[in-house]
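K.L.:
Protein sequences, first through last, are from chains A and B. Residue numbering for the first sequence follows numbering that gives the first Met the number 0, beginning at 0 and increasing consecutively. Residue numbering for the second sequence follows numbering that gives the first Met the number 0, beginning at 0 and increasing consecutively. Even for Gly, the Cβ is constructed at its ideal location relative to N, Cα and C. None of these values were measured; they are calculated from a predicted model. Structure below; questions to follow.
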Amino acid sequence: MKYVFPVLITLLAENYVFTRAIGLDGLLGTSADRKTSFRLSLITVFSSLISVICAYVADKYFLSRFGLGYVKYFIVLLVCSAVVQCVVNSMKRKYPGRYVKIGPYLPLAAVNGTAIGIMAQITTAGLLFWQTVLYAFLIGAGVTVASLILGVVLENVRYSDVPGAFRGLPITLVSAALLALLFMGFSGLDLPV
Amino acid sequence: MKTELDVFIKGLFYNNPVFVQILGLTPLLVFSVSFISGLICGLCTFVVLLVTSCFVSGLRRYIPRGSRIFVFTAISAGIALAACITACALVPSAADSLIWFLPFAGVNTLYSVRSEEFYARNGILPSVSDAVGCGAGFCIVILVVSSLREILGAGTFAGIRIVSEARTVPLFISPAGGLLIVGLLCGLFNYIRTKTGGKAK
């Protein structure tokens, strides 16, 4: 139970999509197709893992020595986006067919993942390496969970009679709001002492 | 001059960054908890987008295709950093909420997607007019959303109490209420847009 509860809290009670609105852009733009959105969430998880590792190493071994304070985040952002760019380029070369399908959303998911990695690094400042990486992974998993749930909800919305002005983005936003309300119910989850 | 005006109006209304292009929702929801922080975030976004558009469209011939994510992130994050430090110096009381602006500026898809789609393919003048239109569109949306959220959720407007505390709905301060307000406003926007002749998405 010592390990299950922190995982559950990060996945449900502190789901980044619904409590901090991170990753919403990618989610709302792509949640039309469950398969595509699942692949995109995998990319988000992957790039967040890369970014958090970069951020941790850069912060621990180089940046913390100079006392940069605020500028630190800027440098970490640069390092992460450079690494993510390399991964995207090699993916483009290796799987040209698959890239065409999710291509336009790839930078979006990658940038989202970078932000998640940096946020994880800021939030868990002072923790051990594996704890930071695990935290970033769990945040990414939370985004995946949210995108799957939202995808299923929207598939049902497609067959219902939505007022004309609300078709498309508005009904997606309202469904996401109701889901966020639902996820607020988990906020009572706490570590059993 | 006519095409520039068209681009401006398109960015402001028919191609509104939030309601039509689904960009910049993360900072919109995070910073719209109170009118003041919404105002600061809107102004910062406006300035950063404007300067980014100048840089990207001016340098577009020198940016290699394979390094666009990196270069665009570097440009917009650098300008966001400068804007952030300036805003912290001007409004010291807002420094606490601004500490989150930089990570969110990195994730603000407004900069990266607009750079990729428009500024990297057009000259400086159309890019600047598009940036002014999109920035103003984002600003107006965040001002409306943040004042609604503050009045409904906390009963104050820019810190001045106008509704008694017993009549407020704290839900609207939470992200769920923010999403709800943005969704309802988006429906209203679509309604107005179809009435004025634009095609609903």
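Determine the burial state of P174/B: buried for a count of at least 16 other Cβ atoms within 10 Å of its Cβ, exposed for fewer.
P.N.:
Taking the second sequence and counting its residues from 1, one reaches residue 174/B at position 175. With 16 or more Cβ atoms within 10 Å of its Cβ, P174/B is classed as buried.
K.L.:
Given a threshold of 16 other Cβ atoms within 10 Å of its Cβ, counted over all protein chains shown, does L178/A qualify as buried or as exposed?
P.N.:
Position 179 of the first sequence, counting from 1, holds the residue named residue 178/A. Counting Cβ neighbours within 10 Å, L178/A comes out buried, since at least 16 surround it.
K.L.:
Between K200/B and the rest of its own chain, which residues show a CB-CB distance below 7 Å, the 5 nearest in sequence each way excluded?
P.N.:
Counting from one through the second sequence, the residue named residue 200/B turns up at place 201. At K200/B, the pLDDT of 43 sits below 50, so the modelled position is not reliable and the matter cannot be decided from this model.
K.L.:
What I want to know is whether the C-beta of A119/B ends up closer than 7 Å to one or more non-hydrogen atoms of the ligand GDP.
P.N.:
Looking at this structure, you won't find the ligand GDP or any other ligand, since it has none at all.
K.L.:
Which same chain residues end up closer than 7 Å to V156/A when comparing Cβ atoms and leaving out the 5 residues on each side of it in sequence?
P.N.:
In the first sequence, the residue the question calls residue 156/A occupies position 157. Correct list, in chain order: I170 and S174.
K.L.:
Considering only their Cβ atoms, is the gap separating T25/B from D24/A smaller than 8 Å?
P.N.:
Taking the first sequence and counting its residues from 1, the one referred to as residue 24/A is at position 25. Taking the second sequence and counting its residues from 1, the one referred to as residue 25/B is at position 26. In this structure, T25/B lies closer than 8 Å to D24/A by Cβ.
K.L.:
Beta-carbon within less than 7 Å of P91/B's beta-carbon, same chain only, minus the 5 sequence neighbours each way: which residues are those?
P.N.:
Looking up residue 91/B in the second sequence gives position 92. Hits under 7 Å: none found.
K.L.:
Just to confirm my understanding: we take G132/B, look at its own chain, exclude 5 residues before and 5 after, and list those with CB closer than 6 Å. What are they?
P.N.:
Stepping through the second sequence from its first residue, residue 132/B is reached at position 133. Taken in chain order, the residues that qualify are F7, G10 and L11.
K.L.:
Cα separation between A135/B and N14/A?
P.N.:
Within the second sequence, numbered from 1, the residue matching residue 135/B stands at position 136. Within the first sequence, numbered from 1, the residue matching residue 14/A stands at position 15. Their Cα atoms are separated by approximately 31 Å.
K.L.:
At a CB-CB cut-off below 8 Å, which residues of chain B make contact with F73/A?
P.N.:
The residue given as residue 73/A occupies position 74 in the first sequence. What F73/A touches in chain B: A76, G77, L80 and L101.
K.L.:
For Y158/A, does the count of other Cβ atoms within 10 angstroms reach 16, so buried, or fall short, so exposed?
P.N.:
Within the first sequence, the letter at position 159 stands for residue 158/A. With fewer than 16 other Cβ atoms within 10 Å, it is exposed.
K.L.:
Let me know the secondary structure DSSP gives F61/A once reduced to three states.
P.N.:
One-based indexing of the first sequence puts residue 61/A at position 62. In this structure, F61/A counts as coil in the three-state DSSP scheme.
K.L.:
From A157/B to E164/B, what distance separates their C-alpha atoms?
P.N.:
Taking the second sequence and counting its residues from 1, the one referred to as residue 157/B is at position 158. Taking the second sequence and counting its residues from 1, the one referred to as residue 164/B is at position 165. So the alpha carbons of these two residues sit roughly 15 Å apart.
K.L.:
Quick one: what's T195/B bridged to in DSSP?
P.N.:
Numbered from 1 along the second sequence, position 196 holds the residue referred to as residue 195/B. BP columns for T195/B are empty, so no partner.
K.L.:
Quick check on D24/A - is its C-beta less than 8 Å from some C-beta in chain B?
P.N.:
Looking up residue 24/A in the first sequence gives position 25. By this cut-off, D24/A is an interface position.
K.L.:
DSSP three-state label for F45/B, please.
P.N.:
As a position in the second sequence, residue 45/B is number 46, starting the count at 1. F45/B: helix per DSSP, three-state reduction.
K.L.:
Cutting at 8 Å between CB atoms, please list the residues of its own chain near V86/A, excluding the five before and the five after it.
P.N.:
Looking up residue 86/A in the first sequence gives position 87. Here the set comprises F45, S46, I49 and A109.
K.L.:
Put T155/B into one of helix, strand or coil per three-state DSSP.
P.N.:
Here the question's residue 155/B lines up with position 156 in the second sequence. Looking at T155/B - three-state DSSP - the assignment turns out to be strand.
K.L.:
Beta-carbon within less than 6 Å of R19/A's beta-carbon, same chain only, minus the 5 sequence neighbours each way: which residues are those?
P.N.:
Numbered from 1 along the first sequence, position 20 holds the residue referred to as residue 19/A. Within the same chain, R19/A has no close Cβ partners at all.
K.L.:
Check R160/B in the structure and name its three-state DSSP category.
P.N.:
The residue you call residue 160/B lines up with position 161 of the second sequence. It is a strand residue.
K.L.:
Note the first and the last residue of the continuous alpha helix (DSSP H) segment covering I62/B.
P.N.:
Sequence index remark: in the second sequence, residue 62/B carries index 63 (1-based). That residue, I62/B, is in no alpha helix (DSSP H); it is neither H nor E in DSSP.
K.L.:
Classify L147/B as buried or exposed, calling it buried when 16 or more other Cβ atoms lie within 10 Å of its own Cβ.
P.N.:
As a first step, residue 147/B must be located in the second sequence, where it is residue number 148. By the neighbour-count rule (16 or more Cβ atoms within 10 Å), L147/B is buried.
K.L.:
Using 8 Å as the limit for Cβ to Cβ distance, is G182/B near chain A?
P.N.:
Indexing the second sequence from 1 puts residue 182/B at position 183. Yes, G182/B lies at the interface with chain A (some Cβ there is under 8 Å from its Cβ).
K.L.:
If the cut-off is 9 Å on Cβ atoms, which residues from the stretch 109-120 of chain A count as contacting chain B, listed in chain order?
P.N.:
Residues A109, V110, N111, T113, A114, I115, I117 and M118.
K.L.:
Alpha carbon to alpha carbon, how far is L170/B from C138/B?
P.N.:
The residue labelled residue 170/B in the question sits at position 171 within the second sequence. The residue labelled residue 138/B in the question sits at position 139 within the second sequence. C-alpha separation (whole angstroms): 23 Å.
K.L.:
Compute the Euclidean distance between the alpha carbons of L184/B and W129/A, then round it to the nearest angstrom.
P.N.:
For the purposes of this step, residue 184/B is taken as residue 185 along the second sequence, with counting starting at 1. For the purposes of this step, residue 129/A is taken as residue 130 along the first sequence, with counting starting at 1. Cα to Cα, L184/B sits roughly 43 Å from W129/A.
K.L.:
Is the distance from the Cβ of L48/B to the Cβ of A153/B below 8 Å?
P.N.:
What you label residue 48/B is simply residue 49 of the second sequence in a count that begins at 1. What you label residue 153/B is simply residue 154 of the second sequence in a count that begins at 1. Cβ atoms of L48/B and A153/B: not closer than 8 Å.
K.L.:
Relative to the alpha-carbon of I42/A, which residue among Y2/A, T143/A, L126/A and A119/A has its alpha-carbon at the smallest distance?
P.N.:
Position 43 of the first sequence, counted from the start, is the residue given in the question as residue 42/A. Minimum Cα distance to I42/A is reached at T143/A.
K.L.:
Which residues in the same chain as G23/B place their Cβ atom closer than 8 Å to its Cβ, once the five residues preceding and following it in sequence are excluded?
P.N.:
Counting from one through the second sequence, the residue named residue 23/B turns up at place 24. Around G23/B: P16, V17, T44, N107, T108, L109 and F137.
K.L.:
Would V83/A be called buried (16 or more neighbouring beta carbons within 10 Å of its own) or exposed?
P.N.:
As a working mapping, residue 83/A is identified with position 84 in the first sequence. When all chains shown are included, V83/A counts as buried.
K.L.:
Under the rule that 16 or more other beta-carbon atoms within 10 Å means buried, what is T131/A, buried or exposed?
P.N.:
Counted from its first residue, the first sequence places residue 131/A at position 132. T131/A should be labelled buried.
K.L.:
Taking 8 Å as the limit between beta carbons, can you name the residues of its chain near V152/A, skipping five residues before and five after?
P.N.:
If you number the first sequence from 1, residue 152/A lands on position 153. So the list reads S174 and L178, once near-sequence residues are dropped.
K.L.:
Name, please, each residue of chain B whose Cβ falls closer than 7 Å to the Cβ of Q84/A.
P.N.:
Taking the first residue of the first sequence as position 1, residue 84/A is located at position 85. Within chain B, the residues near Q84/A are S66, I68 and F69.
K.L.:
At the 8 Å Cβ level, is N189/B part of the contact set with chain A, yes or no?
P.N.:
Translated into the one-based positions of the second sequence, residue 189/B becomes position 190. Judged by the 8 Å Cβ criterion, N189/B is in contact with chain A.
K.L.:
Run down chain B in chain order and give the residues with a C-beta less than 7 Å from the C-beta of N88/A.
P.N.:
Numbered from its first residue, the first sequence carries residue 88/A at position 89. G65, listed in chain order.
K.L.:
To the nearest angstrom, how far is the alpha carbon of P95/A from that of V32/B?
P.N.:
As a working note, residue 95/A is residue 96 in the first sequence. As a working note, residue 32/B is residue 33 in the second sequence. C-alpha separation (whole angstroms): 43 Å.
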